[in-house]
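Structure first, then comments.
Protein chains in written order, with our numbering: chain A, 1 to 199; chain B, 1 to 184.
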C-alpha cells in the first residue's frame, strides 16, 4: 500500500490498520472464537458421553417391567410352596399331617423326636431337625415318605434307614427311621423387602 | 442551527459528520476497523449463544444421567431381591421333591433285588448305604450283587459280610451285608 500525505498521517493510518487487524485476529480469533469453540467442543464431548451412558442405563431400565412380572411370578410360587410361617402353626400342622398320612398309607408313627439344635438353613428358611420312627410295609413306607413333603408343612426328608422287625410274613413290617427337617419360611431381608414393595 | 437553503440542503451538524471531514487516507482503515469491531462483536454474540446452548445441553444430559442412575440403582436392588427369591424358590422345590427322590432311590434298590433274596435293612453309612438281607444260597447272593450293579441309584456294590444262618434247617439261607455308593 502506498501512503501519501504527511508522515504523521501515514503512521496514523498504519496504526488504524494494525488496530483493525489486531481486533479481528487478536480479539475475534484469539479471545472470542478459539477459547469459546474449545469450551463448546468440550461441553459437546461431555454431553455425548453422558447421553450414551444415560441411553445405556435407560435400555436396562426398559427391562424393569419384565423383571417386575418375573418377581411377581416367583413370589407367588414361593408363597405357594412355603406353606405355614408361624412356629406354632407349623407344629400343629406337622402333627395333623403325620396323623393324616399315617392313616392314609397304613403306617404307624411311633415317635417324633425334634432335635434340640436348628438345622443349618441360612437365609429365609428356619429349620428344625426331626427324627421320626415309623413302622409299616415297604411300599406303604415309600408312599408315606414320598408324600410327606407335598403338604402344607415344609418338610424335607434327608435320610431314611429301614430295618426288619422280626416279622417273617411275605410282606414284612419294617421299622423306618426318617431323618427330616421341618422348615418355616421367614421371608427375605428388610432392605430387599423394601425393594419388593417398590416392585 | 443555521440553514442556507440556496447553497446546500444539509444542516451544519450533519456536515460535520461527513466523511469528507476525515482525511482521505484514514477512511478505508477506519471503515475496516469499524467493520472488524462489528464483526467481532457479532461473532462474540453468536459464540455466546452457542456456548449457552452447549452448556444447557450438558446440564440436561447430566440430569438425565442422574435420574437414570437412581432408577438403575433401584433396578439393581430389585434384581438382587429377585435372585434371592429364585434361590429360595429353588430350595423350596428341592424340599418338596426330597421325599419322592428318596423313595424312588429305595424303590430302585428294592427292584434290583432278585426273587431269591430279600432285604432286612437299609441304613445310611458314610458315603453310601449299607444293605442287609438274606439270600437263598451264595448263587442268589451273587445275583443280588450283580443286579445292584445295574441300579440307577446304587453304585459299586461291595460285599461286607456273608454268613449262613444258624437257625435255618435247610442250611441254604445266607445273611449278607452289602455297601453301595449313592448316585445323585
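Even glycine gets a Cβ: it sits at the ideal position worked out from N, Cα and C.
Remember, it's a predicted structure, so these values are computed and weren't measured experimentally.
Residue i versus residue j - alpha carbon distance
i, j, result
"residue 163 of chain A", "residue 134 of chain B", "13 Å"
"residue 27 of chain A", "residue 55 of chain A", "40 Å"
"residue 20 of chain A", "residue 41 of chain B", "13 Å"
"residue 73 of chain A", "residue 86 of chain B", "10 Å"
"residue 100 of chain B", "residue 68 of chain A", "33 Å"
"residue 22 of chain B", "residue 33 of chain B", "14 Å"
"residue 122 of chain B", "residue 64 of chain A", "51 Å"
"residue 3 of chain A", "residue 24 of chain B", "Any reading at residue 3 of chain A must be qualified, since the residue scores a pLDDT of 49, below 50, and its modelled position is unreliable; the value itself is stated next. Taking the straight line joining both Cα atoms gives about 11 Å."
"residue 50 of chain B", "residue 38 of chain B", "18 Å"
"residue 74 of chain B", "residue 175 of chain A", "54 Å"
"residue 46 of chain B", "residue 77 of chain B", "47 Å"
"residue 70 of chain A", "residue 90 of chain B", "14 Å"
"residue 150 of chain A", "residue 129 of chain A", "18 Å"
Residue i burial status per 10 Å Cβ neighbour count (16 or more: buried)
i, result
"residue 184 of chain A", "buried"
"residue 140 of chain A", "buried"
"residue 176 of chain B", "buried"
"residue 108 of chain A", "exposed"
"residue 150 of chain B", "exposed"
"residue 208 of chain A", "Because chain A here runs from 1 to 199, residue 208 of chain A falls outside it and cannot be looked at."
"residue 18 of chain A", "exposed"
"residue 195 of chain A", "Low local confidence applies: a pLDDT of 42 at residue 195 of chain A is under 50, so the model's placement there is unreliable, with the coordinate-based value given in what follows. Residue 195 of chain A comes out buried."
"residue 101 of chain A", "buried"
"residue 35 of chain A", "exposed"
"residue 59 of chain B", "exposed"
"residue 156 of chain A", "buried"
"residue 82 of chain A", "buried"
"residue 70 of chain B", "exposed"
"residue 84 of chain B", "buried"
"residue 25 of chain A", "exposed"
Partner residues on chain A for residue i, Cβ-Cβ distance less than 7 Å
i, result
"residue 29 of chain B", "13, 16, 17, 20"
"residue 96 of chain B", "81, 149, 150"
"residue 62 of chain B", "50"
"residue 161 of chain B", "Correct list: empty, because the minimum Cβ distance to chain A is about 16 Å."
"residue 183 of chain B", "Going along chain A, no residue has its Cβ under 7 Å from residue 183 of chain B, so there is no contact; the nearest lies around 16 Å."
"residue 141 of chain B", "Simply none; closest approach about 17 Å."
"residue 110 of chain B", "138"
For residue i, the nearest candidate out of the options (CA to CA)
i, options, result
"residue 132 of chain A", "A:166, A:145, A:60", "A:145"
"residue 147 of chain B", "B:45, B:178, B:26", "B:178"
"residue 35 of chain B", "A:22, A:167, A:102", "A:22"
"residue 117 of chain B", "B:82, B:109, B:123", "B:109"
"residue 171 of chain B", "B:142, B:129, B:136", "B:136"
"residue 90 of chain A", "A:114, A:173, A:32", "A:114"
"residue 178 of chain A", "A:151, A:134, A:152", "A:134"
"residue 125 of chain A", "A:87, A:33, A:38, A:174", "A:87"
"residue 114 of chain B", "B:120, B:70, B:145, B:127", "B:145"
"residue 55 of chain B", "A:174, A:50, A:57, A:58", "A:50"
"residue 88 of chain B", "A:166, A:175, A:46, A:154", "A:154"
"residue 138 of chain B", "B:154, B:156, B:120, B:162", "B:162"
"residue 181 of chain B", "B:106, B:164, B:166", "B:106"
"residue 112 of chain B", "B:140, B:128, B:28", "B:140"
"residue 37 of chain A", "B:174, B:153, B:53, B:167", "B:53"
"residue 168 of chain A", "A:30, A:137, A:33", "A:137"
Per-residue contacts from residue i into chain B (C-beta, under 7 Å)
i, result
"residue 148 of chain A", "99"
"residue 74 of chain A", "82, 85, 86, 89"
"residue 112 of chain A", "Residues of chain B passing the Cβ test: none, with the nearest at roughly 16 Å."
"residue 167 of chain A", "Within 7 Å Cβ-Cβ: nothing; residue 167 of chain A doesn't reach chain B, min ~10 Å."
"residue 156 of chain A", "95, 98"
"residue 78 of chain A", "85, 88, 89, 92"
"residue 27 of chain A", "40"
"residue 89 of chain A", "Ordered by position in chain B, no residue passes the 7 Å Cβ test against residue 89 of chain A, which lies about 17 Å from the chain."
Chain B residues whose Cβ lies nearer than 9 Å to that of residue i
i, result
"residue 107 of chain A", "The premise fails here: residue 107 of chain A is roughly 13 Å from chain B at the closest Cβ pair, so nothing lies under 9 Å."
"residue 44 of chain A", "54, 57, 58"
"residue 159 of chain A", "102, 124"
"residue 93 of chain A", "Simply none; closest approach about 15 Å."
"residue 125 of chain A", "88, 91, 92, 95"
"residue 98 of chain A", "Near residue 98 of chain A there are no residues of chain B at all, since even the closest Cβ is about 13 Å away, more than 9 Å."
"residue 130 of chain A", "Correct list: empty, because the minimum Cβ distance to chain B is about 13 Å."
Residues that residue i contacts on chain A, provided the C-beta gap is smaller than 9 Å
i, result
"residue 257 of chain B", "The requested residue 257 of chain B does not occur in the structure, where chain B is confined to residues 1 to 184."
"residue 26 of chain B", "9, 12, 13, 16"
"residue 68 of chain B", "53, 54, 55, 56, 57, 58, 60, 61"
"residue 144 of chain B", "None at all; the shortest Cβ gap to chain A is about 16 Å."
"residue 121 of chain B", "161, 162, 163, 164, 174, 175"
"residue 167 of chain B", "Neighbours of residue 167 of chain B on chain A: none; closest Cβ ~11 Å, over 9 Å."
"residue 179 of chain B", "Under the 9 Å cutoff, chain A gives no residues; its nearest Cβ is about 14 Å from residue 179 of chain B."
"residue 136 of chain B", "Those within 9 Å of residue 136 of chain B in chain A number zero; the least Cβ separation is about 15 Å."
Chain-ordered chain B contacts of residue i [CB-CB under 8 Å]
i, result
"residue 142 of chain A", "103, 106, 107"
Chain-ordered neighbours of residue i on chain A, where CB pairs are closer than 8 Å
i, result
"residue 148 of chain B", "Neighbours of residue 148 of chain B on chain A: none; closest Cβ ~15 Å, over 8 Å."
"residue 79 of chain B", "67"
Proximity test, residue i beta-carbon vs the ligand GDP heavy atom, cut-off 6 Å
i, result
"residue 46 of chain B", "What this structure holds is no ligand at all, so the ligand GDP is not there to describe."
When Cβ atoms are compared, which residues of the segment 38 to 54 of chain B fall closer than 8 Å to chain D?
Of the chains in the structure shown, none is chain D; the protein chains are A and B.
Entirely within the segment 10 to 88 of chain B and at least 3 residues each: give me those beta strand (DSSP E) ranges in chain order.
none
Minimum length 3: unbroken beta strand (DSSP E) runs contained in the segment 109 to 135 of chain B:
117 to 125
What ranges does the alpha helix (DSSP H) occupy inside the segment 88 to 153 of chain A, keeping only unbroken runs of at least 4 residues that lie completely in it?
Qualifying alpha helix (DSSP H) stretches, in chain order: 138 to 147.
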